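Structure first, commentary second.
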Amino acid sequence: MGKTIALVGNPNSGKTTLFNHLTGSTQRVGNWPGVTVEQKAGTLLHDGKTQVIDLPGIYSLSPYTIEEIVTRDYLALDAPDLIINIVDASNLERNLYLTTQLMELQLPIVVVLNMMDIVEKRGDQLDVAGLSRAFGLPFVTISALKESGLEELFKAIAEPISVAEPITYSIVVESILDTIEEILAPLVPKKLRCYYSIKLFERDR
1 MGKTIALVGN PNSGKTTLFN HLTGSTQRVG NWPGVTVEQK AGTLLHDGKT
51 QVIDLPGIYS LSPYTIEEIV TRDYLALDAP DLIINIVDAS NLERNLYLTT
101 QLMELQLPIV VVLNMMDIVE KRGDQLDVAG LSRAFGLPFV TISALKESGL
151 EELFKAIAEP ISVAEPITYS IVVESILDTI EEILAPLVPK KLRCYYSIKL
201 FERDR
C-alpha cells in the first residue's frame, strides 16, 4: 500500500490548484462522513500509488467551523504519512501560524511556499534557508498557478523527512503540559500526547 499525503493550508493559499497538479484526472470527489463538507482525493501522478487528500482550507487547528473540525480530526486520528503545508508566501505571518500548530502533531511536514511569483513581482525576498532552519522543516518554493517549482516538490516528497521538534513554550506552560502528558500516557499514543495535551490546555473539545 502506498503512502498518504494530506494537503493542508489556509483558504486561498493555492492548495486546490496544487492538488490538481499533483493528481490530475485521478481525483475523486465526495463528502466527508456525516457532514456536507467536500472530500477530494487522488493519486500522486509522480508514482501512481501515493494517495493525496485535499483537506478543507483552515486558518487554525483550534476549530470553530465544520471545515476546521474535519481537518483537525483527520490529521489527529488518521495520521497521514506526510503533511504538505501550503503557505501563501505573500502573507507569511498569517499562514505560518497554522504551520506551528501542525508541528505539534509530530508528523512529517513539507512546507510549500506558494505564490512566489507575487513575492518576486513585489520585489520582496524570502530567506527560505533561514525559515527551514528556524522551523526545522524542509521549505520548497513554487508557483502553483505557473506550475514552477513542482519538480523540487516531488523530490522533497520522495526524501525521508524527520519530524520537527514541537514549539517550546514558557517554563510554566511547559510544566503544565508535562503534567497533562503524564495523565494521558496510558490513553494516548506517544506521538500524539504533545498535541492532545495542548488541546486540553486550550480547553479545546
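Going by the UniProt record's numbering, the residue at position 190 of the sequence shown is 190; the numbering climbs one at a time, nothing skipped.
Using N, Cα and C, we set each Cβ at its ideal position, and we do this for glycine too.
Note that the coordinates shown come from a computational prediction; the quantities given were computed from them, not determined experimentally.
Report task. Note down the Cα distance separating I161 from G136, rounded to an integer number of angstroms. Result -> Across the structure, I161 and G136 are spaced so that their CA atoms are roughly 10 Å apart.
**Report entry** Coarse secondary structure for G48, derived from DSSP in three states
**Finding:** coil
Query - Close-in-space but distant-in-sequence residues of the same chain around L107 (CB under 6 Å, 5 per side omitted) - result: I83
**Report entry** Nearest candidate by alpha-carbon position, reference G130, set K155, P138, D124
**Finding:** The residue among K155, P138, D124 with its C-alpha nearest the C-alpha of G130 is P138.
Query - Nearest candidate by alpha-carbon position, reference I109, set V29, S25, G14, V140 - result: V140
**Report entry** Inter-residue spacing [alpha-carbon to alpha-carbon] between I176 and P56
**Finding:** 32 Å
Query raised in the report: Identify the residues that DSSP records as bridge partners of E38: which are they?
Result: N31
Report task. Give every residue of the same chain whose Cβ lies closer than 6 Å to the Cβ of E68, excluding the five residues on either side of it in the sequence, and list them in chain order. Result -> I58
Query raised in the report: To which residues of the same chain is R28 closer than 8 Å at the C-beta, ignoring the five residues directly before and after it?
Result: K40, A41, G42
Report task. Could you tell me how far apart the beta carbons of N12 and N95 are, in whole angstroms, since I believe they sit closer than 8 Å? Result -> Not really, about 10 Å apart at Cβ, beyond 8 Å.
Requested in this report: Return yes when the Cβ of L145 is within less than 8 Å of the Cβ of G24, no when it is not.
Outcome: With contacts defined by Cβ atoms closer than 8 Å, G24 and L145 do not form a contacting pair.
Query - Status (buried if at least 16 other CB within 10 Å, exposed otherwise) for S197 - result: buried
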